[in-house]
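The sequence shown begins at 429 in this note's numbering and counts up one residue at a time. Reading through the structure tokens given below for one structure.
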Amino acid sequence: MADNKRPESMQRITTPELAQAFIDEQLAALRAQIGDKKVLLALSGGVDSSVVAALLIKAVGKQLTCVHVNHGLLRKGEPEQVIEVFRNQMDANLIYVDAVDRFLDKLAGVADPETKRKIIGKEFIDVFAEEAYKLDGIEFLAQGTIYPDILESGPVKSHHNVGGLPEDLKFELVEPVKFLYKDEVRVVGKQLGLPDNMVFRQPFPGPGLGVRCVGAITRDRLEAVRESDAILREEFRKNGLEGKVWQYFTIVPDFKSTGITDGLRTYDWPVVIRAVNTVDAVTAEVAELDFKLMAHIVDRITHEVKGVNRVLWDLTPKPTGTIEWE
Ligand code: XMP
């Protein structure tokens with residue numbers, strides 16, 4: 429489709445000046461497309477949907493309604509940051525949906541990875557559709573589609589597009605960053621004044637921490653994933669590794685091992701750490717880190733995360749291991 433091909437004349441956006449020119453052009457185009465009508469956006473807090481939200485807030489202000497669904501599988505502090513940045517700082521119309529119980533109840537006892545993904549995807553559509561039905565006069569649906577999503581290159585599955593909506597919710601699409609590559613979206617996001625930790629964040633899968641709480645998700649093990657992930661990210665940030673290592677996260681498998689704390693035997697979960705570098709996620713290599721830092725992270729996780737007595741470092745490249753564990 430000609431519509432879906434990046435124009436040959438389009439310059440690669442690498443500088444604040446080029447980003448500003450793109451923003452100015454998009455604001456005019458968005459105002460022309462939307463007029464005085466209303467737009468809806470599923471705002472995950474990831475780079476792409478955040479940049480689309482910031483552009484639309486500038487272009488049409490309160491004609492935009494953002495829906496942020498907290499499915500309980502987000503990283504520590506993420507829902508709070510979405511509310512802080514978009515509602516408090518940018519004064520957006522933001523509907524925050526606490527759907528944590530609903531998702532975790534649906535996922536209870538489900539161990540198969542693809543079934544978990546399907547449940548999360550379907551539940552997300554259902555929650556979003558329920559919110560959309562409550563609103564009057566929506567005529568457009570904004571999406572953070574980026575160019576690689578259109579090209580469908582590589583194995584990175586895109587789950588931020590609200591495909592599968594019921595027919596009566598299929599509004600006209602607004603996709604202002606659909607010709608941009610990820611690095612360009614980041615330059616634009618920075619120029620729009622979004623916080624660095626939102627703009628330069630590492631890739632995060634649509635099913636979130638759900639695929640890192642291996643097997644059937646339980647609330648306590650999910651909490652161990654979230655807390656250990658927060659410690660890992662904090663240590664990477666403090667040690668200048670944020671933005672240098674491509675993706676880093678923790679996994680908590682569904683088994684226990686013996687340990688000892690304060691002279692008492694424990695029987696708790698291990699936390700697995702994965703930190704990899706890659707160009708396109710098709711292959712990946714393990715990030716080489718300072719051993720003292722690794723030991724410090726192990727020490728923090730084993731002492732600060734409830735229900736954990738051991739840390740394993742995953743040194744497997746892709747292939748043979750995928751980046752995620754399920
Ligand atoms: P794998 O595990 O296949 O991951 O080596 C490659 C990249 O894709 C991300 N990933 C996902 N992203 N939905 C997503 O939006 C998913 O279901 C999903 N599974 C994996 C993964 O984090 C890595 O960056």
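Just so you know, even glycine gets a beta-carbon here, dropped at the ideal spot from N, CA and C.
Quick check: the segment 540-549 against the segment 627-637, are there 3 or more CB pairs under 8 angstroms? yes
Looking at the ligand XMP, does it come within less than 7 angstroms of Val639, judged from the CB to the closest heavy atom? By 1-based counting over the sequence shown, the position of residue 639 is 211. Flag set: Cβ of Val639 near the ligand XMP.
Identify whether Leu593 lies in helix, strand or coil by the three-state DSSP scheme. Locating residue 593 in the sequence shown gives position 165, counting from the first residue. Residue state for Leu593 is assigned as coil, using DSSP reduced to three classes.
Just mark Gly582 as buried or exposed, buried being the case when its beta carbon has 16 or more other beta carbons within 10 Å. Indexing the sequence shown from 1 puts residue 582 at position 154. Here the model assigns Gly582 a pLDDT of 46, short of 50, so the residue's position is not dependable and the matter cannot be decided.
Uninterrupted alpha helix (DSSP H) stretches inside the segment 457-542 (no shorter than 4 residues): Complete alpha helix (DSSP H) runs here, min 4: 475-488, 506-510 and 528-535.
Beta-carbon separation (whole angstroms), Val814 vs Leu458, contact threshold 8 angstroms: A question about residue 814 goes unanswered here, because the residues of the chain that appear run from 429 up to 754.
Determine, using beta-carbon pairs with one atom in the segment 563-571 and one in the segment 458-467, whether at least three such pairs fall under 8 angstroms. yes
Alpha-carbon to alpha-carbon, Arg614 and Met438: If you number the sequence shown from 1, residue 438 lands on position 10. If you number the sequence shown from 1, residue 614 lands on position 186. Approximately 17 angstroms between the Cα atoms of the pair.
On the DSSP bridge list, what partners appear for Trp697? In the sequence shown, the residue the question calls residue 697 occupies position 269. For Trp697, which the question treats as bridged, DSSP gives the partners Val736.
Write down the C-beta distance between Leu469 and Leu492 rounded to the nearest angstrom, noting that I regard them as a contact closer than 8 angstroms. Here the question's residue 469 lines up with position 41 in the sequence shown. Here the question's residue 492 lines up with position 64 in the sequence shown. So it is a contact: roughly 6 angstroms between Cβ atoms.
Asp682 to Ile462, Cα distance in whole Å? What you label residue 682 is simply residue 254 of the sequence shown in a count that begins at 1. What you label residue 462 is simply residue 34 of the sequence shown in a count that begins at 1. Asp682 and Ile462: Cα-Cα distance of roughly 49 angstroms.
Counting pairs of Cβ atoms below 8 angstroms between the segment 726-746 and the segment 674-692, do you hit three or more? yes
Can you tell me whether Val513 is buried or exposed? The criterion is at least 16 other CB atoms within 10 Å of its CB, across all chains shown. To locate residue 513, count along the sequence shown from 1; it is residue 85. Per the 10 Å Cβ criterion, buried.
At a cut of 8 angstroms, does the segment 707-723 reach the segment 666-682 through at least three beta carbon pairs? yes
So what's Tyr394 in DSSP terms, helix, strand or just coil? Here the chain has residues from 429 to 754 only, and residue 394 is not among them.
Could you pull out every residue in the same chain whose Cβ sits closer than 7 angstroms to the Cβ of His588, ignoring the five residues on either side in sequence? Within the sequence shown, numbered from 1, the residue matching residue 588 stands at position 160. Here the model assigns His588 a pLDDT of 48, short of 50, so the residue's position is not dependable, and the following value carries that caveat. Here the set comprises Ser472, Gly474, Asp476, Ser477, Gly572 and Gly634.
Taking 8 angstroms as the threshold (C-beta atoms), are Val528 and His499 in contact? As a working note, residue 499 is residue 71 in the sequence shown. As a working note, residue 528 is residue 100 in the sequence shown. Yes, the pair counts as a contact, with Cβ atoms nearer than the cut-off.
In terms of residues, what are the limits of the beta strand (DSSP E) holding Val653? For the purposes of this step, residue 653 is identified with residue 225 of the sequence shown, where counting begins at 1. No beta strand (DSSP E) contains Val653, which is instead part of the alpha helix (DSSP H) from Arg647 to Lys666.
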